[in-house]
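Structure record follows, encoded as C-alpha cells.
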Amino acid sequence: MARKRKPTFEELINMNRKEMSKDQELLDKIDQKIEKRMNDSLTRPSV
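Residue numbers for the sequence shown follow UniProt numbering, so the first one is 1 and each next one is one higher.
Right, dumping it as C-alpha cells:
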C-alpha cells in the first residue's frame, strides 16, 4: 500500500477551517435551541 502523502500546512489549515465552520453551524443550532427553550420556559407559567 502506497504511503499517503503528508498534507501541506496550507491543506491542513483549509481542512481545519472546513471542520470549524461545520462545528460553528452546529453550535449556532444548539444556541438557537437553548434560546428557544429558555424563552419557552420564561413565557410558560411555572407550576
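Heads up, the beta-carbon is just placed ideally off N, CA and C, and yes, glycines get one too.
Q. Which stretch, first to last residue, makes up the alpha helix (DSSP H) that contains ARG37?
A. In the sequence shown, residue 37 corresponds to position 37, counting from 1. Note, ARG37: alpha helix (DSSP H), 9–43.
Next item on the list: Please list, in chain order, all residues of the same chain as MET15 whose beta carbon is under 8 angstroms from its beta carbon, the five residues on each side excluded.
Entry: The residue you call residue 15 lines up with position 15 of the sequence shown. Closer than 8 angstroms at the Cβ level, and outside the excluded window around MET15, lie PRO7.
| Between ILE30 and ILE13, what straight-line distance do the alpha-carbon atoms span, to the nearest angstrom? | Counted from its first residue, the sequence shown places residue 30 at position 30. Counted from its first residue, the sequence shown places residue 13 at position 13. Approximately 25 angstroms, taken between the alpha carbons.
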